[in-house]
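If you count the sequence shown from 1, position 450 lands on 486 in my numbering, and the numbers rise without skipping.
All C-beta atoms, glycine included, are put in the ideal place defined by N, C-alpha and C.
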Amino acid sequence: MSANGFFDQGELVAVLTTQPLDRTLDYKAPEGGCFLGAFVEVPLGPRKVLGVVWGPGQGGFDLSKARSVIRVLEVAPMREEMRLFLGKVADYTLTPMSAMLRLATRAPGLSDPPSMRKIYRLGNGEPDRMTDARTRVLEVLRDYGGLAFTLKELAEQAGVTSSVVKGLVKQRAVREEDSPRDLPYPRLDPDLPGKDLTADQAAAVGRLQQGQQTGNYGTTLLKGVTGSGKTEVYLEAVAETLRQGRQALVLLPEIALTAEFLTRVEARFGARPAEWHSGATMTERRRVWRMVGQGDAQLVVGARSALFLPFRNLGLVVVDEEHDTSYKQEDGVHYSARDMAVLRSAICGARVILASATPSLESWANAEAGKYERLDLTSRFGVAVLPEMKPIDMRAEQMQPGTWISPSLRQAVRQRIERGEQSLLFINRRGYAPVTLCRACGEQIACDHCDARMVEHRFLKRLMCHQCGETKPMPEVCPSCQVEGKLAPVGPGIERLAEEAEATFPEAKIAMLSSDLFGSARALKAKIEEIAQGDADIIIGTQLVAKGHNFPKLTLVGVIDADLSLHGADLRAAERTFQLMRQVAGRAGRADMPGQALLQTFQPEHPVIRAILSGDEEGFWKTEAAGRLAAGVPPYGRMAGIVLSGPEVGPVFDVGNAMARNDAPLRQIGAQVFGPAPAPIARIRGRHRVRLLVKAPKGAPIQDAIARWIAPLRLKGDIRLTVDIDPQSFY
Numbered sequence: 037m038s039a040n041g042f043f044d045q046g047e048l049v050a051v052l053t054t055q056p057l058d059r060t061l062d063y064k065a066p067e068g069g070c071f072l073g074a075f076v077e078v079p080l081g082p083r084k085v086l087g088v089v090w091g092p093g094q095g096g097f098d099l100s101k102a103r104s105v106i107r108v109l110e111v112a113p114m115r116e117e118m119r120l121f122l123g124k125v126a127d128y129t130l131t132p133m134s135a136m137l138r139l140a141t142r143a144p145g146l147s148d149p150p151s152m153r154k155i156y157r158l159g160n161g162e163p164d165r166m167t168d169a170r171t172r173v174l175e176v177l178r179d180y181g182g183l184a185f186t187l188k189e190l191a192e193q194a195g196v197t198s199s200v201v202k203g204l205v206k207q208r209a210v211r212e213e214d215s216p217r218d219l220p221y222p223r224l225d226p227d228l229p230g231k232d233l234t235a236d237q238a239a240a241v242g243r244l245q246q247g248q249q250t251g252n253y254g255t256t257l258l259k260g261v262t263g264s265g266k267t268e269v270y271l272e273a274v275a276e277t278l279r280q281g282r283q284a285l286v287l288l289p290e291i292a293l294t295a296e297f298l299t300r301v302e303a304r305f306g307a308r309p310a311e312w313h314s315g316a317t318m319t320e321r322r323r324v325w326r327m328v329g330q331g332d333a334q335l336v337v338g339a340r341s342a343l344f345l346p347f348r349n350l351g352l353v354v355v356d357e358e359h360d361t362s363y364k365q366e367d368g369v370h371y372s373a374r375d376m377a378v379l380r381s382a383i384c385g386a387r388v389i390l391a392s393a394t395p396s397l398e399s400w401a402n403a404e405a406g407k408y409e410r411l412d413l414t415s416r417f418g419v420a421v422l423p424e425m426k427p428i429d430m431r432a433e434q435m436q437p438g439t440w441i442s443p444s445l446r447q448a449v450r451q452r453i454e455r456g457e458q459s460l461l462f463i464n465r466r467g468y469a470p471v472t473l474c475r476a477c478g479e480q481i482a483c484d485h486c487d488a489r490m491v492e493h494r495f496l497k498r499l500m501c502h503q504c505g506e507t508k509p510m511p512e513v514c515p516s517c518q519v520e521g522k523l524a525p526v527g528p529g530i531e532r533l534a535e536e537a538e539a540t541f542p543e544a545k546i547a548m549l550s551s552d553l554f555g556s557a558r559a560l561k562a563k564i565e566e567i568a569q570g571d572a573d574i575i576i577g578t579q580l581v582a583k584g585h586n587f588p589k590l591t592l593v594g595v596i597d598a599d600l601s602l603h604g605a606d607l608r609a610a611e612r613t614f615q616l617m618r619q620v621a622g623r624a625g626r627a628d629m630p631g632q633a634l635l636q637t638f639q640p641e642h643p644v645i646r647a648i649l650s651g652d653e654e655g656f657w658k659t660e661a662a663g664r665l666a667a668g669v670p671p672y673g674r675m676a677g678i679v680l681s682g683p684e685v686g687p688v689f690d691v692g693n694a695m696a697r698n699d700a701p702l703r704q705i706g707a708q709v710f711g712p713a714p715a716p717i718a719r720i721r722g723r724h725r726v727r728l729l730v731k732a733p734k735g736a737p738i739q740d741a742i743a744r745w746i747a748p749l750r751l752k753g754d755i756r757l758t759v760d761i762d763p764q765s766f767y
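Quick look at the structure:
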């Protein structure tokens, strides 16, 4: 290899592939040679697979048998900082490098050469006649807001044949265009005027821009009350990044947030940024991946996996709603996007902004310790003021059986309807009822494949398991005792609450917001836009509504069950309840009308409920931190979850017991092992699950110890082991 990282033709190179192998493979450099980090296509058995040139080959075998790299792909090579980042994430999460590379190459068609292709957009014509198939095609194009599709993508998304699309092209209802496969994104202008800022917003912007100008790594916790204008503040930090010729990434926790956010970005910079999330078409995802690597995408707005895009010159990462649990990936590679954003930025000298009204205790503790800078926005933007928060003591309410909206809350909702304002009724349960009970034998209908109760979804007329997704029709007779007419719903979900609201407020227009009620992310975003424009009197929603939405006419939030999450086994139960209640209450009164939040609770004296109502956030964090410190748990200790699973419970427990007995590598670092014990949900998709929990002191090298602990294991049959460093959930 030459000094500039180039391998001449025939030199031995080590290639990391996306295949599940535990090492790199040696190949000869192709005709014309290749650079370190080049994306290549290599032979593996009879197949051609994707890989990256990771370094010089190891040799040690008959070189005449070495096969050659087939070709170098026409994409920007993987930068050294990206290879270092993937390696560090692999070490931190105990993930094989092949899985990390798969995460970094999640774009279709990377091996396709640059060329022209046909794309399809919404046209201006009207079909001579409408059919169901034609309607579906046009609805998909409208739902995706003008994004381009290939013929195959559009036909698959609409569930039609390509001839249907071609027929609409002839009628000019769909436009067919010739386009290069991947075009640069429009340039964003950071010098366009932004919104007028308040004094504390301007001060925060000044501090953030100073940090950007240093060109060095640093993390800032931007803590602002709901509606304080955190977005305007960090968009000015984005502007400074663009002025420096560097790229920016904004991570959002929920795809439904992107529509309003993209509009704000376009208003600030004069063009739309690149989008990276599950709602983007495959064509757009490939374009984003390629343009980011070439430096032709200045700003990316995306979900957590956008962190693994091949940025050429990353200067800023914003993690909006940084406390949100959706930033933790719970399958495949178990990583926290918030923590990995800090790691990636430290490697490439970028700044990080963690924005939240209710930060995670980890971020709060890092700011307290001086590791992060902290900026506070203490008042709402413009004339808006924070909502008044009050409890409704359910012990004193006269409730009718089978109802959940208290008389006090009903009266408050009626007042808003009379004034033409919106109310939000919040319950964090999807479906109609969480349990279906037989009143004859007491049987609760459970999933056939999981240790979980099936949730009735009355609109679908089906029962659904929220663990594995299994559904079945609502039975007429009890599956256990075969008695007819005795099955009854127990407890409320969002659908049952909507049913009660329709009966209580027949004159009101009611809208429901829950992730499983919409066929596509685009449809969900469209519904949110309608509500924001006033197209509902009462909104009934799950935690989806707590994530940053702005409904100007919303002046009342009623929390149906504020006690719901208080008593979970999760060490973060109090923290999450506090965050969720404060966030959902913050939807009220964000414009010029004052807001109110009413929390229905049977425990108004509970410390967490008192902290929520009083607004003493610092007092809550200090109390929570003191309890965690005394217990030696995150953020003042290290934890790791080990889950063993298999088709038979006995062999899985045998492995768990053997691991618990042979815990010497863990004891050497002062760690403890708890378990094995059945996981809280002991069976999912027919697999029995056994959990061990590792607890270690704050500075202990827990990854190295766990790696040595599990290395001797030889799992037999279909037993699997997963490791989750710093687990966020304990199911």
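Check: Express the C-alpha separation of Lys124 and Ser381 in angstroms, rounding to a whole number.; Outcome: 13 Å
Check: Nearest to Thr131 by alpha carbon, out of Asp367, Leu99, Glu566, Trp325?; Outcome: Asp367
Check: Using 8 Å as the threshold, is the C-beta distance between Thr262 and Gln639 below it?; Outcome: no
Check: Within 8 Å of any Cβ in chain C, is that where the Cβ of Pro56 sits?; Outcome: Chain labels in this structure do not include chain C; a single protein chain is all it has.
Check: Let me check one thing: in DSSP terms, what residues is Val354 bridge-paired to?; Outcome: Val286, Ile389
Check: Where does Cys514 sit, in a helix, a strand or coil, going by DSSP?; Outcome: coil
Check: Tell me, which residues are paired with Pro395 by DSSP?; Outcome: DSSP output for Pro395 lists no bridge partner at all.
Check: Using DSSP with H/G/I as helix, E/B as strand and the rest coil, what is Val105?; Outcome: coil
Check: Between which two residues does the alpha helix (DSSP H) harbouring Gln619 extend?; Outcome: 609-621
Check: Excluding the five sequence neighbours on either side, which residues of its own chain have a C-beta within less than 6 Å of the C-beta of Val419, listed in chain order?; Outcome: Here Val419 scores only 49 on pLDDT, less than 50, and its place in the model should not be relied on; the value that follows carries that caveat. So the list reads Asp628, once near-sequence residues are dropped.
Check: Could you check how far apart the C-beta atoms of Leu137 and Val88 are, in whole angstroms? I think they sit under 8 Å.; Outcome: 6 Å
Check: For my contact list, Ala736 and Ala707 are in at a C-beta cut-off of 8 Å; report their separation, rounded to the angstrom.; Outcome: 6 Å
Check: Find out if the Cβ-Cβ distance for the pair Pro670, Asp760 is shorter than 8 Å.; Outcome: no
Check: Which residues share a DSSP beta bridge with Leu219?; Outcome: The partner list for Leu219 (beta bridge, DSSP) is empty, contrary to what the question assumes.
Check: Report the rounded CA-to-CA distance for Leu233 versus Asp164, giving the unit in angstroms.; Outcome: 52 Å
Check: By how many angstroms is the C-alpha of Cys384 removed from the C-alpha of Leu352?; Outcome: 10 Å
Check: Does the distance from the CB of Val200 to the CB of Arg170 come in under 8 Å?; Outcome: yes
Check: For Ala140 and Leu600, what's the separation of their Cα atoms in angstroms?; Outcome: 38 Å
Check: Can you give me the Cβ contacts of Ala633 inside the same chain, cut-off strictly under 6 Å, excluding the 5 residues immediately before and after it?; Outcome: Pro423, Met425, Val593, Ala621, Ala624
Check: Hey, quick one: how far does the alpha helix (DSSP H) through Glu276 stretch, first residue to last?; Outcome: 266-279
Check: CB Leu806 to CB Leu460, shorter than 8 Å?; Outcome: No statement about residue 806 is possible, as the shown extent of the chain runs from 37 to 767 and does not include it.
Check: Rounding to the nearest angstrom, what Cα-Cα distance links Met327 and Glu116 in this structure?; Outcome: 18 Å
Check: To the nearest angstrom, report how far apart Pro525 and Pro509 are at their CA atoms.; Outcome: 15 Å
Check: Classify Arg723 as helix, strand or coil using the three-state DSSP reduction.; Outcome: strand
Check: Using the three-state DSSP reduction, which class does Gly230 fall into: helix, strand or coil?; Outcome: coil
Check: By DSSP, does Val419 sit in helix, in strand, or in coil?; Outcome: Note that Val419 has pLDDT 49, beneath the 50 cutoff, so the model's placement of it is unreliable and the number below is only indicative. Reduced to three states, the DSSP call for Val419 is coil.
Check: Can Leu48 and Gly93 be called in contact, C-beta distance under 8 Å?; Outcome: yes
Check: Nearest CA to the CA of Gln45: which residue from Leu61, Thr60, Pro56, Ala65?; Outcome: Ala65
Check: I need the straight-line Cα distance from Ala432 to Val644, nearest angstrom please.; Outcome: 20 Å
Check: By DSSP's criteria, Met500 is part of a beta bridge. Which residues make up the other side?; Outcome: Val491, Thr507
Check: Could you tell me the boundaries of the beta strand (DSSP E) in which Trp90 lies?; Outcome: 83-92
Check: Quick check on Thr256: buried or exposed, where buried means 16 or more other Cβ atoms within 10 Å of its Cβ?; Outcome: buried
Check: By the DSSP assignment, the alpha helix (DSSP H) with Ser444 in it spans what residues?; Outcome: 443-454
Check: Rounded to a whole number of angstroms, what is the C-alpha to C-alpha distance between Ala50 and Arg321?; Outcome: 28 Å
Check: With the cut-off set at 8 Å, would you say Met675 and Leu616 are in Cβ contact?; Outcome: no
Check: Can you tell me whether DSSP reads Arg178 as helix, strand or coil?; Outcome: helix
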